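What follows is one structure encoded as structure tokens, with my remarks underneath.
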Amino acid sequence: MTRSRLFLLAALVALAGALTLSACRGGRVSADGPPAVLIADAEVTLPPIRGEERAVLTQAPNVPPPITRDYATRVIVEMETVELVKELAPGVEYTFWTFGGDTPGPFIRVREGDLVEFHLTNAETSTVPHNIDLHAVTGPGGGAEISMVVPGHATAFEFRALKPGLYVYHCATAPVGLHVANGMYGLILVEPAEGLPPVDKEFYVMQSEFYTAGAMGEPGLQAFDLDKAVDEEPEYVVFNGRVGSLTGENALKASVGETVRLFMGNGGPNLTSSFHVIGEIFDRVYGEGGTAVNQANVQTTGIPAGGSTMVEFTLDVPGRYTLVDHALFRAFNKGAVGILEVTGDEHPEIFNERMGSGEIARAGR
Amino acid sequence: MPRLLVLTAVFALGTGAALAQPDGMVLVRGGTYRPLYQSATGSAEVAVAAFYLSETAVTNAEYLAFVRANPEWRRSNVRPLFADGGYLRHWAGDLDLGRARPDQPVVYVSWFAARAYAAWIGRRLPTTDEWEYAASASETRPDGRREEGYTRRLLAWYGRPMPRSMPPVRSTPANYWGVYDMHGLVWEWVGDFTSALITADSRANRDANSRAFCAAGAVGASDFEDYAAFLRFGFRGGLEAHYTVPNLGFRTALDAPTSWLPCPASSASPFSWGSPPSSPHATRPPPPTSPRWISAPRSRPPRSTTTTRRGRRTPRRR
Chain A
3 MTRSRLFLLA ALVALAGALT LSACRGGRVS ADGPPAVLIA DAEVTLPPIR
53 GEERAVLTQA PNVPPPITRD YATRVIVEME TVELVKELAP GVEYTFWTFG
103 GDTPGPFIRV REGDLVEFHL TNAETSTVPH NIDLHAVTGP GGGAEISMVV
153 PGHATAFEFR ALKPGLYVYH CATAPVGLHV ANGMYGLILV EPAEGLPPVD
203 KEFYVMQSEF YTAGAMGEPG LQAFDLDKAV DEEPEYVVFN GRVGSLTGEN
253 ALKASVGETV RLFMGNGGPN LTSSFHVIGE IFDRVYGEGG TAVNQANVQT
303 TGIPAGGSTM VEFTLDVPGR YTLVDHALFR AFNKGAVGIL EVTGDEHPEI
353 FNERMGSGEI ARAGR
Chain B
9 MPRLLVLTAV FALGTGAALA QPDGMVLVRG GTYRPLYQSA TGSAEVAVAA
59 FYLSETAVTN AEYLAFVRAN PEWRRSNVRP LFADGGYLRH WAGDLDLGRA
109 RPDQPVVYVS WFAARAYAAW IGRRLPTTDE WEYAASASET RPDGRREEGY
159 TRRLLAWYGR PMPRSMPPVR STPANYWGVY DMHGLVWEWV GDFTSALITA
209 DSRANRDANS RAFCAAGAVG ASDFEDYAAF LRFGFRGGLE AHYTVPNLGF
259 RTALDAPTSW LPCPASSASP FSWGSPPSSP HATRPPPPTS PRWISAPRSR
309 PPRSTTTTRR GRRTPRRR
């Protein structure tokens, strides 16, 4: 081969090599700048972590404010499991096992791609060990395996919030049914990277059942009844951990014209909820707490045990709207009732109740 | 001749001493019981050889005598490897009980400390099988788990919050064996607290319910409704040997010599002191050929002899 051809061949090889190198694993060069991909060849792309922050945890029915950052960060979540006697219904007490002293536990709000550093402490006054299984975790036990703590001890683990959605978390120490039946559940929202559409009001409501030895309403400190739990015959079906949590002065409040988003969870342990708001229609339903609006104009939506749903609706008419499990005897006999008080201007063109009423006129006499 | 007499006397005394009931202990006769969890190669029923078990959990007073005689186990001297920062937290000082009462069960002690105490008085910790076997007794029967209200009473204790002040030992009635407070006072260390959750194939530990959580904990359990046993196994699953816990104490055990032949296989494990090494599988029948929880016949009558779970023909117990 002549020298010039040799030179040409060498140049071609070098060029091919350069092109190959630049197109090699992970090197997705774009006009926007250096690639955002850190881990090459993985099935999942993990955004880089910038900084850290402490998670804002809120007690039901309040929700932490929407996330405004557009990057993934390290979010530090600290929760303590506490066992305490609280009111389940007027005059009725129960030994609740809780995250953070409340049933349901705090609402955790993170963003897709965040690295969550989770610290779990079990109070010294607890009788049994606890742990946590977050349905947002991709990993063994949802975190339960590593997070088991006996009273007076603490543990920590990390996980990446890979998939956006509204997820349940709950204690998963054996026997799980008992830990959940005693009140150890809550919701964690992983916002999609682009965030959720803005709304005026967000509320956090979680349905669950309680299986007490005494009948519904029987006063005093009630014990857990295993037979009723196994037979799936609860004495109480409630929102936010007690009868009356969302009624009277605890009712949710909104105004005419506002768009409301409900983060609805179902801690179970057994029943599926047929969730309905009397007087309203859900404009958009993110079925089963996923990230797609998969139905519009829904009257009653199902919330599986250990699952969730997100619903949005705009309020057109003032008045009292009732959240219920439409399995009606649960609503009216076991406590699955909540109130949304809507104030504002009347709109008789949408709903007119002043047409007059009286006895039926009889023909003749 | 005198030497022979002396030897005979010593022999007789020794035998007498061995056969006499040790102080503060009761004899738990051998038998079989059905553990909540069993390894893949074990059988459903486990034989437990006769053994002595202390009537009560070890008390603050007894443990105080131990640390007096063994300075290395005093609170300010103990090595962190053997007990974590909560060791004897409820005492006022190394040798000062403070507000803790002498007759309360000692808590905030690690497994290492419990074993050291047991060895100091010539005893050992009970094995999981021995403890569970003795604990399954009610007040009137060696196996009281099928008695009306048995599980409910236990769950009532587990469901109550911790009392402000730890009750003393003998707070609950003695069971059939004469042992107090197996339920209703404190959790208790056993010699082999990790062995129930480890399979024979240690390579498969990660898959094999190593922490007895959630659904994994339900697979392989012999009785899904023995919630009290689930709670105990769940508790043991969260422990490490150096942990000290506010409501975890211990009691001691001792082999009961029943014959001059080697003791029949108890579920001794490398973790229990003082028991003769023996194969855990020596006297068990061959393992079942299919998963036990699917096909094994129930060895006890169904929960209600007149109804199935779906059709309730008898009035519900309220």
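Chains A and B, in that order, give the protein sequences. For the first sequence, our numbering begins at 3 and goes up steadily by one. For the second sequence, our numbering begins at 9 and goes up steadily by one. Where a beta carbon is used, it is the ideal one built from N, C-alpha and C, also for glycine. Note that the structure is a prediction, hence the values are computed from the model and not measured.
For A236 of chain B, the number of other beta carbons within 10 angstroms of its own is at least 16, and it is reported as buried. Taking C-alpha positions only, G167 of chain B is separated from A298 of chain A by approximately 44 angstroms.
Within the stretch 229-253 of chain B, contact with chain A at the beta-carbon level (separation under 7 angstroms) is assigned to E233, Y235, F238, L239, F241, G242, F243, G245, G246, L247, Y251 and V253. Annotated three-state conformation of P63 of chain A is coil, per DSSP.
Under the 8 angstroms criterion on CB atoms, A143 of chain B is classed as non-interfacial with respect to chain A.
Between V177 of chain B and T64 of chain B a beta carbon distance of about 4 angstroms is seen, short of the 8 angstroms cut, so the two are scored as contacting.
When the alpha-carbon of F334 of chain A is set against those of A:V240, A:R322 and A:I69, the nearest one is in A:V240. Chain B has no Cβ within less than 8 angstroms of the Cβ of M266 of chain A. Annotation: Cβ neighbours of E85 of chain A in chain B (cutoff 8 angstroms, chain order): P169 and M170. The way I'd put it, the stretch 190-205 of chain A doesn't touch the stretch 245-265 of chain B; fewer than three beta-carbon pairs between them come closer than 8 angstroms. Chain B places a beta carbon closer than 8 angstroms to that of L180 of chain A, counting this residue as a contact.
In the three-state scheme derived from DSSP, where H, G and I count as helix and E and B as strand, S179 of chain B is classed as coil.
Between D327 of chain A and F284 of chain A, the C-beta gap is not smaller than 8 angstroms, which leaves the two residues out of contact.
Beta-bridge analysis with DSSP links P113 of chain B to B:T67. Contact between L35 of chain B and Y60 of chain B is confirmed by a C-beta separation of about 6 angstroms, below the 8 angstroms threshold. About 10 angstroms separates the Cβ atoms of V87 of chain A and Q224 of chain A, ruling out a contact at the 8 angstroms cut-off.
With respect to V139 of chain A, G145 of chain A sits close: the two C-beta atoms are nearer than 8 angstroms. Counting along the chain, A174 of chain A sits inside no beta strand (DSSP E), nor does DSSP assign it H or E at all. Distance between P63 of chain A and A158 of chain A, taken at the CA atoms: about 27 angstroms. Cβ contact annotation for M81 of chain A (same chain, cutoff 8 angstroms, sequence separation greater than five): L59, F101, G102, G107, P108, F120, H121, L122, T123 and I134, in chain order. DSSP, reduced to helix, strand and coil, places Y95 of chain B outside both helices and strands of the structure shown, so it counts as coil. Using a Cβ distance threshold of 8 angstroms, A143 of chain B and M190 of chain B count as a contacting pair. If you look at D327 of chain A, you'll find it isn't in any alpha helix (DSSP H); it sits in the beta strand (DSSP E) that goes G321 to D327.
Nothing from the stretch 295-314 of chain A brings a Cβ to less than 8 angstroms from some Cβ of chain B.
Contact between K255 of chain A and E348 of chain A is absent: CB atoms are separated by about 17 angstroms, not below the 8 angstroms threshold. By the criterion of a C-beta distance shorter than 7 angstroms, P175 of chain B is surrounded in its chain by L193, once the five residues flanking it on both sides are discounted. Counting along the chain, F226 of chain A sits inside no alpha helix (DSSP H), nor does DSSP assign it H or E at all. Spatial neighbours of P166 of chain A in its own chain (CB-CB distance under 7 angstroms, excluding positions within 5 residues in sequence) are listed in chain order as E114, V192, E193, P194 and T293. Listed along chain A are A215, A225 and F226, each with a C-beta nearer than 9 angstroms to that of A164 of chain B.
Taking a beta-carbon distance threshold of 8 angstroms, N68 of chain B does not count as an interface residue toward chain A. Listed as beta-bridge partners of I305 of chain A by DSSP are A:S275.
Within the stretch 116-156 of chain B, complete beta strand (DSSP E) segments of at least 3 residues are not found at all. Taking C-beta separations shorter than 6 angstroms and ignoring five residues to either side along the sequence, the partners of L162 of chain B in its chain run H191 and A236, following chain order.
When C-beta atoms of the stretch 261-272 of chain A are compared with those of the stretch 306-325 of chain A, three or more pairs fall below 8 angstroms, so the two segments count as touching. Contact of N255 of chain B with chain A by beta-carbon distance below 8 angstroms involves T129 and P153. Residues of the stretch 92-110 of chain B with a Cβ closer than 7 angstroms to any Cβ of chain A, in chain order: G94.
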